[in-house]
Amino acid sequence: MAIIGIDLGTTNSLACVWRNNKAELIPNALGEYITPSVVSVKDDEILVGRLAKERLITHPQDSVAAFKRDMGTAKQYTLGNKTFKPEELSSFILRQLIEDAKTYLQEDIEEVIISVPAYFNDDQRWATKTAGALAQVKVERIINEPSAAALAQHIHDDGEDKTFLIIDFGGGTLDISVVDAFDNVIEIAAVAGDNHLGGEDFNTVIAEAFLREHGLYATDISVQEKAMLMKQAEISKRKLSEQDEVNMKVRIHDTLLSMKLTNQQLILLGNSILTRMEGPLKQALKDAGDDIGDIDDIILVGGSCKMPVVQHYIEYLTKHTVTMHLDPDKAIAYGCGTAAGIKERNQEIKDMLLSDICPFTLGTAIYPDGLKDAIMSPLIERNSVLPCSRESLYTTIHDQQEVIDFEIYQGEHYHAEDNLLLGNLEVKVPPNKKGKEIVKVRLTYDINGILEVDAFVISTRQSFHKMILSKNNRMSEAEIKQKLQELKELKIHPREKERNRLLLARGERMFLELVKEERQMVADLMRYFEQVLESQNERAIDHAYHEVSRRLDSIEGDGDTTTIPRYFQA
C-alpha cells in the first residue's frame, strides 16, 4: 500500500511517489506525466485528461475545464444531462491519477496528499478533501502548493540554507510565499495570494483582443467557435514562451480569421493581470518582516511562470534575476511526492520537518460599545505557524444575558460579516450585569485544517468545546455516500484504449476546425484508422496509430500534407 502526492491543478494535474531515494513522477496511460484537468461525459462514461480536452471543442456542452476555481462554492456544472459540483469533477481527476498510480506501482494506494493554493480558504480546502472522499481514497493531509515547491527546491539544493521567495502562478491562482529553509526544516514565513488570478486570464484577454480585432462580440459566435477561440488563445500564449511573435488563426462563420500577436502586445493586453501580482508580493514580504534584499533566491512555480512577460515583470518588481531550477509545471508535484515520502517515514527523509502556516486570520465577532455591527476580533493571526492555539477573554454585552453566541470567522476584513463564517459555539453564562461574566475562548488549528474552539466560563468554571465544521456548500457524510452510489453508474474510460480513442477524438476535433482539402485529408485518415481498429490486429493498429498521428501532426503544423500514402485513400 503506497502513499502518493497529487498536484491537483486548475489546468493540469500530476501524481508523484517517493521511491528509490527520490521523488518520481507517475506516468498516465499515454506515458505522459501531465494530465489536463478536464472532464467530459459521453453517455454514462467519464472521460478525463487529453481525451476530454479534445472534446472541449467537439462537445463543449459535455465538457468542462478550470473548475478548480469554483471549489468550495455552490456552483454546479451541467455536462449533457448530468450535473456536477466542482469537487465531484475533481474526484474524477483524482480517480484517474490513482488508477494510473496503481498500474505503475503495481500496488494499491493507501492515502493521497493533495496540494492546494496557499490562499484557499476553509471551504475550498474542505471541498478538496471531499473530492478525495468521492474518489474513495484517504486524504488526511492537504499541503500548500508553495510549501510543496519549497520542499522540492530544498531537496534539489541538497539542504542548503536559504530564504526563498516562491511565486506560484498557475492556471487559475497566484500564491506568493516567503520560505526559510535550513538543515532539515522548511518553514513558511508568510503567504499572500489571489485565488482568481492565473494563466487562464491571459487566454481570456487574448481571445477578447481577437474578437475586437475583427469587430466581433462573444455573443456573435457559437459555443464551438468560442471553444476553438479559447484553444487558439492558449496555444498562442504558449508559443509566445518560445518565440517573439505568433499568427493566431481561428475559423469563425466559415472564414479563417487571423491576428498577429507579440510579447510586447501581450504585456499591454495583460497589464491589469500583471499589476495584480504586486499587492500579494508586497504583502508576503511585509508579513514575513523581510525586504527583497533578504531573499536569496526567487523560485518560479506553475506553468504561467514560463511566460517571458511574467518573468520580466517579476524581475522588474523584485530587481532580482529569477531562476527555474525545476520545471515549473512539475515542481509542486515533486514536493507532493516528497511529502508522501515523509508521511511514509522513508529513511532518507523521515527527519525532514515541513512547517505550514494559517493563510487567513481566524477570530470571532464582537460588538464593542456603541457599535451596531459586529467587528472581527482576531485570535489566530494570518501566517501563524501550525499547529497553533490562541486564547482571549470576552464579556457579556447585555444585562441578564444568559447565552453568548461565539461566531467563528476566517478572513482579514474589519466587519465580521465580510469574512467567511465557519461556525459557532453557544456558551451558557449565569444572568448578571453586562460586562460581569467573563469567558476565556481558545481557538486551536492544526496542520490538517482541523479547527477547534474551547470556551471556559470563569464564574461557573464550566467548559464548552466544539470542532468547527462549516456547512457552507459542504456535502455531509450522508450526501457523500449517496453521491458515491450515483457515481457508480458512471464509468471511468478504460486506460488500455485511451491512446486510440484520443487519436479519434483529435481527428474529430481537427475535422471540425478545418475546411476543404485539409478537412478531407483528416476524414480519409480517420476512416482508414477506424477500419484498422475493426481488424483487431494489434500490430497493424500500432503501425496505423503512429502513421496517422504523424500525418495529423503535419496537418496541424502546416507541414507537407500534399501526399497521402495509398493506404490512407478512400
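Just so we're aligned, residue 88 is where the sequence shown starts under this note's numbering, counting upward by one.
Don't be surprised by glycine CBs; every beta carbon is placed ideally from N, CA and C.
Since the structure is predicted, the reported quantities are computational estimates derived from the model, not experimental observations.
Of the candidates 644, 271 and 338, the residue whose Cα lies closest to the Cα of residue 425 is 271.
Taking C-alpha positions only, residue 507 is separated from residue 157 by approximately 15 Å. According to the DSSP assignment, residue 384 belongs to the beta strand (DSSP E) that extends over 384 to 388. Where residue 292 is concerned, the enclosing alpha helix (DSSP H) starts and stops at 286 to 300.
DSSP lists 256 and 281 as the bridge partner or partners of residue 261.
Going by DSSP, residue 241 is part of no beta strand (DSSP E) but of the alpha helix (DSSP H) stretching over 232 to 243. In its chain, beyond the 5 residues on either side, 473 and 474 have a beta carbon closer than 7 Å to the beta carbon of residue 533. In the three-state reduction of the DSSP assignment, residue 330 falls in the coil class. The three-state secondary structure of residue 470, taken from DSSP, is coil. In its chain, beyond the 5 residues on either side, 254, 409, 411 and 415 have a beta carbon closer than 6 Å to the beta carbon of residue 387. With the rule of 3 Cβ pairs closer than 8 Å, the segment 295 to 311 does not count as touching the segment 366 to 377.
Counting only unbroken stretches of 3 or more residues, the beta strand (DSSP E) elements lying wholly within the segment 121 to 179 are 125 to 129, 132 to 135, 150 to 152, 164 to 166 and 169 to 171, in sequence order. Counted as a single uninterrupted DSSP element, the beta strand (DSSP E) harbouring residue 111 occupies residues 109 to 112. Where residue 198 is concerned, the enclosing beta strand (DSSP E) starts and stops at 196 to 203. The residues 218, 221 and 222, in chain order, have a CB closer than 7 Å to that of residue 178 in the same chain once the five nearest residues on each side in sequence are set aside. Every unbroken stretch of the beta strand (DSSP E) spanning 3 or more residues and falling wholly within the segment 523 to 554 is given here in chain order: 525 to 532 and 538 to 544.
Here the C-alpha atom of residue 195 lies approximately 43 Å from the C-alpha atom of residue 542. Membership of residue 616 in any beta strand (DSSP E) is not indicated; the residue belongs instead to the alpha helix (DSSP H) covering 603 to 622.
Out of 378, 319, 628 and 126, the CA that lies nearest to the CA of residue 643 is found in 319.
A Cβ-Cβ distance of about 18 Å is found for the pair residue 458 and residue 479, leaving them out of contact under the 8 Å criterion. Residue state for residue 403 is assigned as helix, using DSSP reduced to three classes.
Distance from the CA atom of residue 464 to the CA atom of residue 427, rounded to whole angstroms, is 36 Å.
Rounded to whole angstroms, the separation of the alpha carbons of residue 347 and residue 125 is 29 Å. By the neighbour-count definition (other C-beta atoms within 10 Å, threshold 16), residue 403 is an exposed residue.
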